Amino acid sequence: MNDVLIAAKDLTKTYRLYAKPSYKFLDVLGLLRGQGKYTEHHALNGVSLEIRRGEKVALIGRNGAGKSTLLKIITGVTQPTSGQLSVRSKASALLQIGSTFHPEFSGRENVLSYLAHLGVTGAEAEQKLLDAIEFSELEEYIDQPVKSYSTGMSARLMFSTSTIIQPELLVIDEILSVGDAYFAKKSYERIEELCSGGRTTMLLVTHDIYSAQKLCDRMIWIDNGRVLIDDVPEVVVRGYEDSIRVQEEARLKKKTLLALRSAGKKACCALVEIRELGGRHARAPIFFTRLSFQTAGGPQYSVDWKAEPGTGVASIVREGSCWGPLAEAAGKEGREMLNHGLYPKIAVQFSIPNLHLLDALEKGEAYFVVEAISEEAVELAATVEMAGKRLSLTPFALEAGRLTSARVEIASSNEKSYYSNALNTAGRQGTGAVLINTALLLGPDGKETFELEHGQPASFLFGYDIIDKSLHEESDICIVIFRKGTREDICHIITRELTLSFDKPNGTIRLDIEKITIGVGTYSVWMFIAKHGYFITEQTVFYTINPDVHLVLTDLLEFSVKGELFARNAAFVGEGKWSLIDSTSLNMKK
-18 MNDVLIAAKD LTKTYRLYAK PSYKFLDVLG LLRGQGKYTE HHALNGVSLE
32 IRRGEKVALI GRNGAGKSTL LKIITGVTQP TSGQLSVRSK ASALLQIGST
82 FHPEFSGREN VLSYLAHLGV TGAEAEQKLL DAIEFSELEE YIDQPVKSYS
132 TGMSARLMFS TSTIIQPELL VIDEILSVGD AYFAKKSYER IEELCSGGRT
182 TMLLVTHDIY SAQKLCDRMI WIDNGRVLID DVPEVVVRGY EDSIRVQEEA
232 RLKKKTLLAL RSAGKKACCA LVEIRELGGR HARAPIFFTR LSFQTAGGPQ
282 YSVDWKAEPG TGVASIVREG SCWGPLAEAA GKEGREMLNH GLYPKIAVQF
332 SIPNLHLLDA LEKGEAYFVV EAISEEAVEL AATVEMAGKR LSLTPFALEA
382 GRLTSARVEI ASSNEKSYYS NALNTAGRQG TGAVLINTAL LLGPDGKETF
432 ELEHGQPASF LFGYDIIDKS LHEESDICIV IFRKGTREDI CHIITRELTL
482 SFDKPNGTIR LDIEKITIGV GTYSVWMFIA KHGYFITEQT VFYTINPDVH
532 LVLTDLLEFS VKGELFARNA AFVGEGKWSL IDSTSLNMKK
């Protein structure tokens, strides 16, 4: 039996954005002529996916990514521009707040109208109505016009109404983000009940990725009308968190380009970015002694390692780069590309009088020169941006321990882009100044285990390597224990007294716990290492782009806790000193 409920192949949805309102009217009549009257926006661009019966799927993404457009196509509200779509069910759709109920009708009338549309009337409809009123807790307001409801009240009634009948396909668009935590919890429980046993398939659009992670077993991330990642929630959430770093990197690059163009209005302004071919930090620092543009038979334009941006001289770009300090290696002056930092790349900027450099590069009459040395063999890739164009350079390799000079040209148009800025879905964030290479959980007998008994002692061991040669400080170290598969934060265990120093570049962090007091369940462990004072200071920057965060490692370790009935359904089971005393001995005022 085919259990595919929704099958989409190469779905596109294109909207025309008109330069003037009158152009839309002319286009409807088929009278619009000439160029430049409109542009096309691809809300969906080649989306292919399958959703099987009983799945709970979350669609996430930024505003305008295409999530709601996809739901509208699935529910028949709009039609795709091209592509194929098969929906083997009638959807019970709960779209944006206000899109379903008539504002002039009372809550009661709207519920009965909804049920009548589904063919439910008479005594059955009255019973369903009572169920909806009871669940929404709107008894006092059910006979008032919906236009008088607050946004939260409308959300309560719309959700209650859409779920009083067991739908085969339930579509929810952002409505759970409205209202209080109490009703949100009720809503999650109702959805879990509906979807139990594979009876209902759910599509949820939300910006609350952590709530979606608790509720759904699959997550699809849509960006710019395309499916970016389709995987289990844990993997998608890691990538989504890392996207903040990617967005910040793009913002810093745009800022650099604007400043460069403003300062060099009569010159050819170029921004060159270099990173390891896989898009991650190299295993060892790379020392650059020369970065320059060379024209055939013409002058050479080289980076001045001491120059500051804005001086008109080719210089390094500090923001969004992992440049080290000015130094010497192999008898030459230069700078290191560090193997740690928030952004695993370096950038340099040029302001060149030759306005035809772009043409020369594209014709092969100019090239880029790299001279560098690394302790480890590494492959690098680069891009150059100038005159509004972004060109990929051919990758180049450095041999271990040898000063290498490479002539790098523009990659041919039929070659792929070698420059990778892939999202990090491995669950490792931070500057990378410290790395964790092993993680062990020891039971009361001192042996490795993945299962603990409630109330017994346990030890966590974390093997570490220090990458940042300048690190020497008392660091804030924390493990965070979450319920497995969710972001339900159970407990933090913190120290601010351990000194991490490159003087001792590797070792083991040990945490001994006298008694395991968290409740029965399955848990995952995060490791968080930051600069001293991080956990007692209000943080205004998200941790993936915070330079004070050395390491965040998610889902580092998984373990389960077993125990007696009293330890079930509890986040924490504590102990204290209990006693019976004679009340007459207390000096209590009545």
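Per this note's numbering, the sequence shown starts with residue -18, numbered consecutively. Glycine included, every Cβ here is placed at the ideal spot set by N, Cα and C. Here the structure is a predicted model, which is why all the values come from computation and not from measurement.
Suppose the cutoff is 6 Å on Cβ atoms and the five residues either side in sequence are ignored; what does the same chain contact list for residue i look like?
i	result
S192	none
W507	V461, T535
S505	F463, K465, D536, E539
R477	D457
P270	For clarity, residue 270 is Thr in the given sequence; the question names Pro instead. Closer than 6 Å at Cβ, skipping near neighbours: K313, G315, E352.
L76	In this prediction, L76 has a pLDDT of 45, which is less than 50 and means its spatial position is unreliable; what the coordinates show is noted afterwards. Excluding sequence neighbours, L76 sits near D154.
L239	none
N487	D446
S177	none
Y515	D457, D529
Could you tell me whether the Cβ atoms of residue i and residue j are closer together than 8 Å?
i	j	result
R371	K326	no
D204	G42	yes
E254	T375	no
K543	E432	yes
R587	L110	Given a span of -18 to 571 for the chain in the structure shown, any question on residue 587 remains unanswerable.
V208	V28	yes
I(-13)	I32	yes
A328	A358	no
T56	L25	no
I201	L30	yes
S117	S141	yes
C249	L339	yes
F331	A378	no
V(-16)	Q65	A quick correction: the sequence has Asp, not Val, at residue -16. Contact flag unset, no.
G502	S541	yes
For the alpha helix (DSSP H) holding residue i, just list the boundary residues, first then last.
i	result
D484	Here D484 belongs to no alpha helix (DSSP H), and DSSP marks it neither H nor E.
A97	88 to 98
G103	103 to 117
G133	132 to 143
E343	338 to 343
Work out the CA separation of residue j and residue i for me, nearest whole Å.
i	j	result
V350	S283	9 Å
D124	L184	31 Å
Y130	V216	39 Å
T(-5)	A277	46 Å
T102	Q147	16 Å
G100	R468	40 Å
I114	G11	49 Å
L196	W286	52 Å
S273	A288	14 Å
D426	K496	14 Å
G345	E390	7 Å
L479	K512	11 Å
W559	E173	39 Å
A552	L96	41 Å
T59	Y524	39 Å
G301	I333	22 Å
What residues in its chain sit with their C-beta under 7 Å from that of residue i, if we drop five residues either side in the sequence?
i	result
L(-2)	Y19, T20, H22
E396	Reliability of the predicted coordinates at E396 is poor, the pLDDT of 45 falling under 50, and the value obtained from them is presented with this limitation in mind. Same-chain partners within the cutoff: there are none.
G408	R219, L534, T535, D536
What are the boundary residues of the beta strand (DSSP E) that includes residue i?
i	result
V415	415 to 423
I153	150 to 154
N26	19 to 33
S168	Careful: S168 lies outside any beta strand (DSSP E), inside the alpha helix (DSSP H) at 162 to 176.
A353	347 to 355
P2	Run containing P2: none in the beta strand (DSSP E); it sits in the alpha helix (DSSP H), 2 to 9.
V298	296 to 298
Y(-1)	-15 to -1
E390	Premise fails: E390 is in no beta strand (DSSP E) and is neither H nor E.
F331	327 to 333
V186	182 to 186
L361	359 to 367
F377	370 to 379
K428	Taken as a continuous stretch (DSSP letters only), K428 belongs to no beta strand (DSSP E), as it is neither H nor E.
Can a CB atom of chain C be found closer than 8 Å to the CB of residue i?
i	result
T142	The displayed structure is made up of one protein chain only, and chain C is not part of it.
Got a sec: does the ligand MN put a non-hydrogen atom nearer than 7 Å to the Cβ of residue i?
i	result
S49	With respect to the ligand MN, the structure shown offers nothing to examine, as it has no ligands at all.
Return the chain-ordered list of same chain residues with a C-beta closer than 8 Å to the C-beta of residue i, the five sequence neighbours on each side being excluded.
i	result
G179	R34, G35
I526	I225, R226, E229, L323
Of all the beta strand (DSSP E) runs that stay within the bounds of the stretch 445 to 480, which reach a length of 3 or more residues? 453 to 464
In chain order, which continuous runs of the beta strand (DSSP E) of length 3 or greater are located wholly inside the stretch 486 to 542? 487 to 494, 502 to 511
Hey, which unbroken runs of the beta strand (DSSP E) at 3 residues or more fall wholly within the stretch 197 to 281? 199 to 204, 207 to 212, 249 to 257, 267 to 276
Taking only runs of the alpha helix (DSSP H) that begin and end inside the stretch 30 to 64, which ones reach a length of at least 4 residues, in chain order? 48 to 55
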